[in-house]
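Visitor: In order, the protein sequences belong to chains A and B.
Last residue of the first sequence? That's 621 in the working numbering, and every number before it is there in order.
Last residue of the second sequence? That's 1245 in the working numbering, and every number before it is there in order.
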Amino acid sequence: MSDNTLFIVFIAILGGALRVSTPFMFVALGECLTEKSGRVNLGLEGTLVLGAMSAYAISYHTGSPWLGVLAAGCAGSALGAMHGYICKLPKVNDVAIGIAMMLFGTGLAFFFGKAYIQPTAPRLGSIPLGDWTGNAQLATALQINSLLIIGILVAMAMSWAFANTKWGLIIRMTGDSAPAAMAMGVSVDLVRFLATTAGGFLAGVGGAFLSLYYPGSWNQGLSSGQGLMAVALVIFARWDPLRCVAAAFLFGATGAIGPALQSVGITQGYYFFNAAPYILTLFIMIASAGSKRASRDVPGELSITK
Amino acid sequence: MTEATFDATAVSPSNARRDFIVRLRSSAEYIAIPVFALVVSALLFSLFLAAIGKSPVEFFELVWRGGFGTAFSVQNTLQRAAPLILTALAVAIPARIGLITIGGEGALVLGGFASAAIAIPMLDRVPPLPTLLIMAMAGALVGGAWVGLAGALRHYRGVNETISSLLLTYIGIAIMNFFVEGALRDLTNPNKPSTKPLGDAYMIGKIPGTDVHWGLAAGIIIAILLHILMTRTTFGFAARITGGNARAALAQGLPVGRLIVTCTAIAGACAGLAGFFEVAAIQGRANASLAAGYGFTGILVSFLARHNPVAIIFVAIMFGGIVASGGLIQRRMDLPDATVLVLQGLTFVVLLVSETLYGRFAIFKAATTSDRT
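(1) Roughly how many whole angstroms lie between the Cα atoms of residue 468 of chain A and residue 543 of chain A?
(2) Pick helix, strand or coil for residue 928 of chain B, following the three-state DSSP scheme.
(3) Would you mind telling me which residues of chain A sit closer than 9 Å to residue 1259 of chain B, beta carbon to beta carbon, in chain order?
(4) Please report the straight-line C-alpha distance between residue 874 of chain B and residue 1125 of chain B, rounded to a whole angstrom.
(5) In chain B, which residues lie with their C-beta within 7 Å of the C-beta of residue 581 of chain A?
(6) Would you kindly check if the distance between the Cβ of residue 1014 of chain B and the Cβ of residue 982 of chain B is under 7 Å?
(7) Please state if the CB of residue 1115 of chain B and the CB of residue 958 of chain B are separated by a distance shorter than 7 Å.
(8) Helix, strand or coil for residue 1179 of chain B? Go by DSSP, reduced to three states.
(9) Identify each residue in the segment 589-604 of chain A for which the Cβ-Cβ distance to at least one residue of chain B is less than 8 Å, and report them in chain order.
(10) Rounding to the nearest angstrom, what Cα-Cα distance links residue 330 of chain A and residue 443 of chain A in this structure?
(11) Using only CA atoms, which one of A/456, A/562, A/576 and A/536 lies nearest to residue 421 of chain A?
(12) Between residue 935 of chain B and chain A, is there a C-beta pair that is closer than 7 Å?
(13) With residue 1246 of chain B as the anchor, note down where its alpha helix (DSSP H) starts and where it stops.
(14) Flag residue 1236 of chain B as yes if its beta-carbon sits less than 7 Å from any beta-carbon of chain A, otherwise no.
(15) How is residue 882 of chain B classed by DSSP in three states: helix, strand or coil?
(16) Could you please give the first and the last residue of the uninterrupted alpha helix (DSSP H) stretch that includes residue 977 of chain B?
(17) Less than 7 Å between the C-beta atoms of residue 533 of chain A and residue 539 of chain A, yes or no?
(18) Taking Cβ-Cβ distances shorter than 8 Å, what residues in chain A pair up with residue 1038 of chain B?
(19) Keeping to the same chain, check which residues put their C-beta closer than 6 Å to that of residue 564 of chain A; ignore five residues upstream and five downstream.
(20) Tell me which residue opens and which closes the alpha helix (DSSP H) that residue 488 of chain A is part of.
(21) Considering only their Cβ atoms, is the gap separating residue 1075 of chain B from residue 968 of chain B smaller than 7 Å?
(22) Within its chain, find whatever has a CB closer than 8 Å to the CB of residue 1200 of chain B; leave out the 5 residues flanking it on each side and keep chain order.
(23) Does residue 964 of chain B get closer than 7 Å to chain A when you measure Cβ to Cβ?
(24) Residues of chain A with a CB under 7 Å from the CB of residue 1227 of chain B: which are they?
(25) Counting only C-beta atoms, is residue 1034 of chain B closer than 7 Å to chain A at any point?
(26) Closer than 8 Å, Cβ to Cβ, to anything on chain A: give me those residues from the segment 1042-1057 of chain B, in chain order.
(27) Using C-beta distances below 7 Å, list every residue in its chain close to residue 399 of chain A, excluding the 5 sequence neighbours before and after it, in chain order.
(28) Just list the alpha helix (DSSP H) runs in the segment 1068-1109 of chain B, keeping only unbroken ones of 4 residues or longer that don't cross its boundaries, in chain order.
(29) Going by the CB atoms, is the gap between residue 1182 of chain B and residue 988 of chain B shorter than 7 Å?
(30) Closer than 7 Å, Cβ to Cβ, to anything on chain B: give me those residues from the segment 337-367 of chain A, in chain order.
(31) How far does the alpha helix (DSSP H) with residue 1234 of chain B in it reach, from first residue to last?
(32) Between which two residues does the alpha helix (DSSP H) carrying residue 952 of chain B extend?
(33) If you measure beta-carbon to beta-carbon, which residues of the segment 558-588 of chain A are closer than 9 Å to chain B?
(34) Assuming residue 1079 of chain B and residue 1088 of chain B are in contact, meaning their beta carbons sit under 8 Å apart, how far apart are those beta carbons, in whole angstroms?
(35) From what residue to what residue does the alpha helix (DSSP H) around residue 335 of chain A run?
(36) To the nearest angstrom, how far is it from the Cα of residue 351 of chain A to the Cα of residue 1030 of chain B?
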């Protein structure tokens, strides 16, 4: 492999990481918010798919992709609110509800999405960040979407808010000890309901990125497990929004290896590289599940790590 | 507390009868509430259909006709119930030991692929019966290893089994695609990447007098055997203790790790067998059609049956009918094929919400509490 090929592969992976990471980032931030409040929403895979479908449909009907993004967020928060409301009922298992919401969300998306597989909807534009380099390939790779920047800003805002605001403290307290929150007069159910709803909104926006930017169309195979991997990614990021962003880039880069190699003519093992993000997630879960640092940072009320 | 123990030990005829009635009442609860959940989800789904301008009456009529109305549709239903029984068992057995695994789809796909792959060098060299036996074993072993891995990771590394089993599903499907579109692709079949066909001589036959393959009989027998295993043996007792309270089980000196790995491996083996039957009785080869969603519907079947292997048989037949009627509904009512997915997802959500109703109705438990206070 010559230097030039390596360079092309490197750029393709970089570009891929910038593109592929955004949905991971949004879902992970949504899940991070939900888990900080002490609840697990495994259904974000369904939220992601429903968000993608709603965004595409609304963008097609109104001609405005940003209205589509908003619609995706609303659809996501509807699913999140459903999850949040159901989980407060006694004897209901939040992991099982997550599985059910995953199936329900994908079912709804496929049902209503059937009509939108053919038509083309207006897509989100991109910001050329790499024009100064004077290198066409690098310039293409560095074309990013404003949702990526919004995602990073949201992560920074969340990180700041968890540490410095009253609301951040309330969410963390609810997640660490429900009795303590109740003693402070905080309604645990309400906090978790709101956190799950807001988390659903973020995951829905992540779906909008899938259908409106990259890959940029709607079909039933649009997301295969990104939502679920993002949930695992939160454990790896140890419930820190900024680390979620970093982890999302890592996942994006891994997902981009296969297509990058294909772009220079290496097609062997394409399916293996397709599976790379799943395998990476599994190894990351194995590595981070037992670690001391993870068990120090985990919200105390979380059922998923027990 | 002491009074309760006293009551239980004082065996008199009237007490025995009262105990029987109490048990009857509490098991009635386990049937009444899921049935209620089914009715509510049917009503909600009717509202959904009415809201998009379709007739709910026509829908349920078609489900009946497409799933159970004629001899042909009943056989079609039973054909689909076979993998559902096995994939539901793949959820039910780990559930008894306190794990929620959802890796049935992956174990089915990979088990089916393994049985198709191992058959390739044996075709025309080894007689059909031993070939099929080896295929079944390969399917069960690979499926068992796949879900067993999720169980082992859970116990020895603390990895959440729900997430890992679903990840393993995606990995399993990718592995099958890797081989089916590469090394093991049948180049004479240009339409769809598949392994080499088994050929009619190596296919599993039908149960005599019916149009249903032997997978259904196997599923029912395995369900009953697993029911006996989980309720009538020391192993099952130990597994249920672990499911109730893993820490107590450890304190008792039970081999919790071995129990967890065994239960998840049994689960995977069931799903792997489902894949074997799909290959050897329906598809005749391994390809992407194996990932038809049986693994996911099986999750719902198991939860509806409250993870009881015998109840799973009946719930699986019911959902086999719903799946079987999908094509008819699609054609007659002009609804997308995902309609069945919406119905399943809705039923699943309503069912889990109904869990909150347990213990709320006096009728199911009146005798015990009023007597002893």
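Ideal placement from N, C-alpha and C gives every residue a C-beta, glycine not left out.
Guide: Once the coordinates are examined:
(1) Working through the first sequence from its first residue, we reach residue 468 of chain A at position 153. Working through the first sequence from its first residue, we reach residue 543 of chain A at position 228. About 23 Å.
(2) Your numbering for residue 928 of chain B matches position 56 in the second sequence. DSSP places residue 928 of chain B in helix when its eight states are reduced to three.
(3) Limits of chain B in this structure are 873 at one end and 1245 at the other, which puts residue 1259 of chain B out of reach.
(4) Translated into the one-based positions of the second sequence, residue 874 of chain B becomes position 2. Translated into the one-based positions of the second sequence, residue 1125 of chain B becomes position 253. At residue 874 of chain B the pLDDT is 40, less than 50, meaning the model places this residue with poor confidence; the figure from the coordinates comes in the next sentence. Taking the CA atoms as reference points, residue 874 of chain B sits about 26 Å from residue 1125 of chain B.
(5) Indexing the first sequence from 1 puts residue 581 of chain A at position 266. Residues of chain B passing the Cβ test: none, with the nearest at roughly 14 Å.
(6) Translated into the one-based positions of the second sequence, residue 982 of chain B becomes position 110. Translated into the one-based positions of the second sequence, residue 1014 of chain B becomes position 142. Taking 7 Å as the cut-off, the Cβ atoms of residue 982 of chain B and residue 1014 of chain B count as close.
(7) Counting from 1 along the second sequence, the entry for residue 958 of chain B is found at position 86. Counting from 1 along the second sequence, the entry for residue 1115 of chain B is found at position 243. The answer is no: Cβ separation not under 7 Å.
(8) Here residue 1179 of chain B refers to the residue found at position 307 when the second sequence is read from its first residue. It is coil, neither helix nor strand.
(9) Contacts with chain B (Cβ-Cβ distance below 8 Å) from the segment 589-604 of chain A involve 589, 590, 593, 594, 596, 597, 600, 601 and 604, listed in chain order.
(10) Within the first sequence, residue 330 of chain A is the residue found at index 15, counting from 1. Within the first sequence, residue 443 of chain A is the residue found at index 128, counting from 1. Cα atoms of residue 330 of chain A and residue 443 of chain A: separation of roughly 12 Å, rounded to the nearest angstrom.
(11) For the purposes of this step, residue 421 of chain A is taken as residue 106 along the first sequence, with counting starting at 1. With distances taken between CA atoms, residue 421 of chain A lies nearest to A/536 out of A/456, A/562, A/576 and A/536.
(12) By one-based count along the second sequence, residue 935 of chain B stands at place 63. For residue 935 of chain B, the answer is no, since every Cβ of chain A falls outside 7 Å of its Cβ.
(13) Here chain B comprises residues numbered 873 to 1245, so residue 1246 of chain B is not present and cannot be evaluated.
(14) Locating residue 1236 of chain B in the second sequence gives position 364, where the first residue counts as 1. The beta carbon of residue 1236 of chain B does not come within 7 Å of any beta carbon belonging to chain A, so the residue lies off that interface.
(15) As a working note, residue 882 of chain B is residue 10 in the second sequence. With a pLDDT of only 48 at residue 882 of chain B, under 50, the local geometry of the prediction cannot be trusted, and no value is derived from it.
(16) For this step, residue 977 of chain B is matched to residue 105 along the second sequence. Note, residue 977 of chain B: alpha helix (DSSP H), 976-991.
(17) Position 218 of the first sequence, counted from the start, is the residue given in the question as residue 533 of chain A. Position 224 of the first sequence, counted from the start, is the residue given in the question as residue 539 of chain A. Judged by beta-carbon spacing, residue 539 of chain A lies beyond the 7 Å limit of residue 533 of chain A, meaning their Cβ atoms are not closer than that value.
(18) Residue numbering aside, residue 1038 of chain B sits at position 166 when the second sequence is read from its first letter. Residue 1038 of chain B reaches chain A at 540 and 543, counting residues in chain order whose Cβ is nearer than 8 Å.
(19) Locating residue 564 of chain A in the first sequence gives position 249, counting from the first residue. If we look at residue 564 of chain A and ignore the five residues flanking it on each side, its Cβ neighbours are 332 and 336.
(20) As a first step, residue 488 of chain A is located in the first sequence; it is residue number 173 there, counting from the start. Residue 488 of chain A -> alpha helix (DSSP H) spans 481-491.
(21) Taking the first residue of the second sequence as 1, we reach residue 968 of chain B at position 96. Taking the first residue of the second sequence as 1, we reach residue 1075 of chain B at position 203. 7 Å or more divides the Cβ of residue 968 of chain B from the Cβ of residue 1075 of chain B.
(22) Locating residue 1200 of chain B in the second sequence gives position 328, counting from the first residue. Within the same chain, residue 1200 of chain B has close Cβ partners 934, 937 and 938.
(23) Sequence index remark: in the second sequence, residue 964 of chain B carries index 92 (1-based). Not a single C-beta of chain A is nearer than 7 Å to the C-beta of residue 964 of chain B.
(24) Stepping through the second sequence from its first residue, residue 1227 of chain B is reached at position 355. In chain order: 406 and 407.
(25) Position 162 of the second sequence, counted from the start, is the residue given in the question as residue 1034 of chain B. Cβ-Cβ to chain A under 7 Å: yes for residue 1034 of chain B.
(26) Cβ contacts with chain A: 1042, 1043, 1046, 1047, 1049, 1050, 1053 and 1054.
(27) Locating residue 399 of chain A in the first sequence gives position 84, counting from the first residue. Closer than 7 Å at Cβ, skipping near neighbours: 507, 508, 511 and 512.
(28) Segments of the alpha helix (DSSP H) lying fully in the segment 1068-1109 of chain B: 1087-1104.
(29) Here residue 988 of chain B corresponds to residue number 116 of the second sequence, with the count starting at 1. Here residue 1182 of chain B corresponds to residue number 310 of the second sequence, with the count starting at 1. In this structure, residue 1182 of chain B does not lie closer than 7 Å to residue 988 of chain B by Cβ.
(30) Residues passing the 7 Å Cβ filter: 357.
(31) If you number the second sequence from 1, residue 1234 of chain B lands on position 362. Neither: residue 1234 of chain B is in no alpha helix (DSSP H) and is coded neither H nor E.
(32) Stepping through the second sequence from its first residue, residue 952 of chain B is reached at position 80. Where residue 952 of chain B is concerned, the enclosing alpha helix (DSSP H) stretches over 943-968.
(33) Cβ contacts with chain B: 583, 584, 585, 586 and 587.
(34) To locate residue 1079 of chain B, count along the second sequence from 1; it is residue 207. To locate residue 1088 of chain B, count along the second sequence from 1; it is residue 216. In this structure residue 1079 of chain B is in contact with residue 1088 of chain B, their Cβ atoms being roughly 7 Å apart against a cut-off of 8 Å.
(35) Position 20 of the first sequence, counting from 1, holds the residue named residue 335 of chain A. For residue 335 of chain A, the enclosing alpha helix (DSSP H) starts and ends at 318-351.
(36) Translated into positions along the first sequence, residue 351 of chain A becomes position 36. Translated into positions along the second sequence, residue 1030 of chain B becomes position 158. Just so you know, the alpha carbons of residue 351 of chain A and residue 1030 of chain B end up roughly 20 Å apart.
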